[in-house]
Every structure is written in structure tokens, then in C-alpha cells.
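> Following this message is one structure expressed as C-alpha cells.
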Amino acid sequence: PVPVVLFTSDLRLHDHPPLRAALEAADAVVPLFVRDDAVTAAGFAAPNRGAFLADCLADLDASLRERGGRLVVRSGDLVEEVCRVAGEAGADEVRMAAAHSRFATRREERLRRALEREGRRLLVHDAVTVAVPPGEVTPSSSDHFAVFTPYYRQWARAPLRAAVAAPRRVRVPDAVMGEPLPARGEVTGVSPALPAGGESEGRRRMTAYWRHGLDAYADTRDDLAADATSRLSAHLHFGTLSPVELVHRARRHGGPGAEALVRQLAWRDFHRQVLAARPGAARADYRTRHDRWRTGRTAEADIEAWKEGRTGYPVIDAAMRQLRHEGWMHNRARLLTASFLTKTLYVDWRVGAAHFLYWLVDGDVANNQLNWQWVAGTGTDTRPNRVLNPVTQARRYDPDGAYVRHWVPELEGVGAPAVHEPWKLPGPDRAALDYPDPVVGLAEGLERFRRARGRKDRP
Ligand code: FAD
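When you read off a place in the sequence shown, starting at 1, and then add 1, the result is the number in the UniProt record's numbering.
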């Protein structure tokens, strides 16, 4: 029998334990990807990720062809399609990577039952899309860690499986046919500067970053204009790079930069273990705070200004424009824009999370929803009421104003530090700028937030 290897968020050949195990047991496999209708129905199929996915599938297919095989792509209901392909291949087993959201675990359960009804087995591999799987390290009193620092201490000591090499040959039976691959060019509404996807591109980026960026990461990761982070997030989201391999490589490289990067990779696993234990946290507050978020016409107008990058706060506007243009935003900028929406504007984090999830090429239920909750103070932050000041933060992380001027050309001629608070420019200079006034004063926003939280949180 020919096993089926179902690819989901693990679109690579390097360090792919399900494929490796299948090839050890049989001399041919069916590498399958299903374009699941339910993903579209659930609203996860945004244009930027659709385009990046097309690159990933094309690259995976090309790499399989170099090894004598090909990728089989089908579309429809994932469970039905996998069962159909397993039937055509005469497979006795299907292998796949473990997933952690409610959507994915329910789908996995449905698939397991459907395959079992036909006398086939589903084999699910851990530590494919994460380095340390949810549940592997836990505190003594709970099924998951709610605070990052103690989690990280245990995570760093957890055993890590060895990375496995890419296969040299992959034979795929001719009898199992697929559909044409989706083409990136067919996706409309894509960000103009969306990066290319695919394992080959991910490995190129990783190698280049290890050579030229990693050593400085600890010092430069918060510098908005330096653009000095790895930009590997979309590759981790689609699994074109393996988190296990990245952690091994960073540890071998050593030094403060590599150590800081490993710590960020642990954040990824941290949010996954929260989501795996509390799948409802994708929508509901992880910690209930009884917020009565602003709604109504003025809130709607503020939300629009935030989405379009015209709040009158240059660093916020720069970041929101970067998001649309690249399908990506710097982490410091994500923190600032999320704090601005949920605290300064006091708008529900779900509104911001949905906007991010639409545009982000790395948009990921665990990382996005739980980072939003972290910033909003409904999540795992141990200081839930801190408010990031967009002016002082901009002065610190964009001291020359280069990031702001790049994305907000209206402020091109304005030097630092005035570029971060143009409303303070002398009258004629201010009047000459085609740039809006702040949607709300920072003191006013802070006061509104403190009043709301203070009152609602009292028992
Ligand atoms: P680097 O700084 O090079 O970090 C390396 C890797 O570590 C990243 O690729 C990522 O996989 C992981 N990582 C880094 N920071 C975090 C973090 N705080 N939480 C989880 N993993 C992290 N990340 C996503 O991958 N998808 C999202 O949808 C997402 N939404 C976010 C929303 C908000 C409001 C905030 C504050 C953060 C969000 N992040 C998200 C986390 C982080 O901003 C991005 O992972 C990071 O900016 C990606 O750029 P990079 O690859 O250059 O990161």
C-alpha cells in the first residue's frame, strides 16, 4: 500500500517527519495538498496568504519533481478529498502534522473517523509546526502556562527532536491525479510589495539572515527603520521552514542575537499551547475584563482612520500603511498600533485582529489573536493596563523619523523629533502639511481607558 502524506501548514521537504516516516515504510507515497473549502468559508483565505500559498505549492511541486515525484493538489472538503485519494492510492495510512486550533483539531478528528470507517489509519506527527508541542511542558497546577517567563524557562530545557534531512527521491504513483496548481497571478487584491513564498525562498532568507542579520538581532530588533528582524514569520506560518530546524541552527550559531531569536520562537510555541488548551481564546477574552468597548458612529470613524493610516499619529499611520503595502508589519509597530486601537481608542481587540488577519501574510490564529489579547490586556500580559505612548515610543524606536517618513510621505520634509508630533509645529509649518490632526488627544484617550478599566474591573 502507498501511504498518503497530507501537507497542511508544513509545506516543505526539509525536516518533514511525516514524509520521512512514510518513505521509510513504503517506496512510493502520495504527497497531497487539499484546498479546503471550509478554510474559505471560515474567512481564513485572504488574498495575501492565497498568493503566498500559491508560491509555496508551486515550489513544493518543483522540489518533488526534482526528486522524481510531484505534488497532488485537490480542492473541496478536506476530509472527503483525503478519503478519495486514499482510496485511489489503496493507502492503508495517512500521515499529517498535528494542528492546534479548534478548526484544525475538529477537522483532524473528522478525518480520523472517516478514514477508520474505511479501515485506514491517521497518523499525526507532533513537533512539525512547533518546536515544543502544546502540553509537553506544563506547570504543576494547570494544563498550560498562562505566563511566558516560566514557560520559557521550561521550554528552553525541553528535549528537541533531531531535524531530518530532505528525501533524495520521492516516487508518486501515476494513477493518482491532481488538479492544476493555483497560480499567484490569479489572486486579486494582493499587497503590492508582498514577498515571495515557498521553501526555496524561505531557505534563502534563512541563510542570508544567519549570515548578515542574526548577530545584531538582539540590538536592532526594535529599531523600526532598520528592518533588522528575520522576516521569517510567513515561512513559519506556512511551514516552509521548520521551527525545530531553526532552533537547532540558532543554538549552533550561538551568541546574544541567536539567543534572542530563539526566545521569540518560544513565544510562537507559547501562544500555541494557550490556544490548544483554550481554543475559545481565538474569539473570546482569555481573561474576562468586562470591557464595554466603544461602538457607534465616532468609534467607526476612528476605526476607519486607524485602518487607513490617517489617525494623525505618524508612527501609527506609517505602520498601518506598511501593513497594506507589504502584508507585513514590524513587531514593535504591531504592538503600538494594537495598543493605540484597544487602549487609546478603546476599540474591541477583535476589530483590530480581524483587520490584521485579513492583511498579514503571516496571519495566524494563535499568534495574531493571542498577541492582540496580550496587548489589549485581556490575554496573558502580566501588566494588562499598560498603555504604549505612540510619541515616546516613536522617539525611542524611530529616533531619526526614517520609518515614519518612508511610509508617510506627507511628512517628508519634517525633521526629528517634530516628525513624531507634527501638531506641535509652528502654525504656518503645520498648516503647510497635508496631514490630519490627531483623532484623539493622548491624555484624553488614557483617561477614558483608565476610567473604563477602573470601573469595570472592580468586583
Ligand atoms: P522576528 O523578530 O525575526 O522573530 C522570529 C520569529 O519568531 C517570527 O517569525 C515569529 O514566528 C516568532 N515571533 C516573534 N515574535 C513573536 C510574538 N510576539 N508572538 C509569536 N511569535 C513571535 N506573528 C505571526 O506570525 N502571525 C501573526 O498573525 C501575528 N500577529 C501579531 C499581532 C500583534 C498585535 C502583535 C503585537 C504581534 C503579532 N505577531 C504575529 C508576532 C510578531 O509581531 C511577528 O511574528 C513578527 O513581527 C514577524 O516578523 P519577523 O519574522 O521578522 O520576526
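All C-beta atoms, glycine included, are put in the ideal place defined by N, C-alpha and C.
1. Is tryptophan 408 near ligand 1, with its Cβ less than 6 Å from a heavy atom?
2. Is the CB-CB distance between aspartate 223 and tyrosine 398 below 7 Å?
3. Taking 7 Å as the CB-CB cut-off, is valine 316 touching chain C?
4. Considering only heavy atoms of ligand 1, does any lie closer than 6 Å to the CB of serine 231?
5. Taking Cβ positions, are tryptophan 424 and arginine 322 nearer each other than 7 Å?
6. Determine the direct distance from the alpha carbon of leucine 361 to that of leucine 324, and round the result to whole angstroms.
7. For the beta strand (DSSP E) holding valine 6, just list the boundary residues, first then last.
8. Per DSSP, what kind of secondary structure is leucine 123 in: helix, strand or coil?
9. Can you give me the C-alpha to C-alpha distance between glycine 414 and aspartate 62, rounded to a whole angstrom?
10. Does the beta carbon of residue 497 fall short of 6 Å from some heavy atom of ligand 1?
11. To which residues of the same chain is phenylalanine 8 closer than 6 Å at the C-beta, ignoring the five residues directly before and after it?
12. Can you find the residues in the same chain that come closer than 8 Å, C-beta to C-beta, to lysine 457, ignoring five residues on each side of it along the sequence?
13. Measuring only from the beta carbon, is arginine 335 closer than 6 Å to any heavy atom that is part of ligand 1?
14. Quick check: does the Cβ of serine 192 come within less than 6 Å of any heavy atom belonging to ligand 1?
15. Please find out if some non-hydrogen atom of ligand 1 comes closer than 6 Å to the beta-carbon of valine 339.
16. Indicate, with yes or no, if ligand 1 has a heavy atom lying under 6 Å from the CB of aspartate 365.
17. Count Cβ pairs between the region 248-255 and the region 307-316 that sit closer than 8 Å; are there 3 or more?
18. Please tell me whether, using a cut-off of 6 Å, the distance from the CB of residue 1 to the nearest non-hydrogen atom of ligand 1 is below it.
19. Mapping DSSP to helix, strand and coil, what is arginine 396?
20. Quick one: Cα of leucine 342 to Cα of alanine 395, how far?
21. Taking contact to mean 3 or more Cβ pairs, one atom from each stretch, closer than 8 Å, check whether the region 163-178 and the region 133-152 are in contact.
22. Return helix, strand or coil for glycine 446, following the three-state DSSP convention.
23. For valine 31, which of Arg351, Leu14, Thr41 and Val95 has the nearest alpha-carbon?
24. Quick one: give me the first and last residue of the alpha helix (DSSP H) that residue 1 is part of.
25. Leucine 24 and proline 168: beta carbons closer than 7 Å?
26. Are the CB atoms of alanine 339 and glycine 328 nearer to each other than 7 Å?
27. Quick check: does the Cβ of leucine 195 come within less than 6 Å of any heavy atom belonging to ligand 1?
28. Measuring straight from C-alpha to C-alpha, what distance separates glycine 258 and alanine 419?
29. Can you tell me which residues form a DSSP beta bridge with methionine 321?
30. Tell me whether arginine 107 is buried or exposed, calling it buried when 16 or more other Cβ atoms sit within 10 Å of its Cβ.
31. Could you pull out every residue in the same chain whose Cβ sits closer than 6 Å to the Cβ of glycine 203, ignoring the five residues on either side in sequence?
32. What is the DSSP secondary structure of leucine 33, counted as helix, strand or coil?
33. Anyone know if the C-beta pair for glycine 70 and valine 171 falls short of 7 Å?
34. Where does alanine 403 fall in DSSP's three states?
35. From this set, Asp16, Arg50, Tyr436 and Asp365, which residue's C-alpha is nearest threonine 189's C-alpha?
36. Leaving out five residues on either side along the sequence, give the residues of the same chain with a beta carbon under 6 Å from the beta carbon of arginine 103.
Per the coordinate set shown:
1. Tryptophan 408 Cβ: outside cutoff for every heavy atom of ligand 1.
2. Their beta carbons are under 7 Å apart, which means aspartate 223 touches tyrosine 398 by this criterion.
3. Absent from the structure is chain C; it holds one protein chain and no more.
4. Serine 231: yes, Cβ under 6 Å from ligand 1.
5. By the CB criterion at 7 Å, tryptophan 424 and arginine 322 fall outside the cutoff.
6. Leucine 324 and leucine 361 have their C-alpha atoms spaced approximately 7 Å apart.
7. Where valine 6 is concerned, the enclosing beta strand (DSSP E) stretches over 5-8.
8. It is a strand residue.
9. Each residue's Cα considered, the two are about 48 Å apart.
10. No answer is possible for residue 497: the residues shown for the chain start at 2 and end at 460.
11. Excluding residues within five positions, the ones whose Cβ falls inside 6 Å are Phe34.
12. Low local confidence applies: a pLDDT of 49 at lysine 457 is under 50, so the model's placement there is unreliable, with the coordinate-based value given in what follows. Once the five neighbours on either side are set aside, the close Cβ partners of lysine 457 are Arg290, His291, Asp292 and Arg293.
13. Yes.
14. The answer is no for serine 192.
15. It is alanine, not valine, that sits at residue 339 in the sequence shown. Answer for alanine 339: yes, Cβ within range of ligand 1.
16. Yes, Cβ of aspartate 365 sits closer than 6 Å to a heavy atom of ligand 1.
17. Contact between the region 248-255 and the region 307-316 is absent: fewer than 3 CB-CB pairs across the two stretches fall below 8 Å.
18. Lying outside 2 to 460, the shown extent of the chain, residue 1 is not represented and no answer is given.
19. When secondary structure is reduced to three states using DSSP, arginine 396 falls in the helix class.
20. Each residue's CA atom was taken as its position, placing leucine 342 and alanine 395 some 16 Å apart.
21. In short, these stretches do not touch, since the Cβ pair count stays below three.
22. Helix at glycine 446.
23. Check the Cα spacing between valine 31 and each of Arg351, Leu14, Thr41 and Val95: the tightest is with Val95.
24. Only positions 2 to 460 of the chain appear in this structure, which leaves residue 1 out of reach.
25. The Cβ atoms of leucine 24 and proline 168 sit closer than 7 Å to each other.
26. Not in contact: alanine 339 and glycine 328 (Cβ atoms no closer than 7 Å).
27. Because no heavy atom of ligand 1 lies under 6 Å away, the Cβ of leucine 195 does not count as near it: no.
28. Rounded to whole angstroms, glycine 258 to alanine 419 spans 32 Å at the Cα level.
29. Beta-bridge partners assigned by DSSP to methionine 321: none are found.
30. By the Cβ-count criterion, arginine 107 is exposed, with fewer than 16 other Cβ atoms from all chains shown falling within 10 Å of its own Cβ.
31. His236, Thr241 and Leu242, listed in sequence order.
32. Reduced to three states, the DSSP call for leucine 33 is strand.
33. Annotated as proximal: glycine 70 and valine 171, with beta-carbon spacing under 7 Å.
34. Three-state result, alanine 403: helix.
35. If we check each option's Cα against that of threonine 189, Arg50 comes out closest.
36. Within the same chain, and ignoring the five residues on either side of arginine 103 in sequence, the residues whose Cβ sits closer than 6 Å to its Cβ are Pro280.
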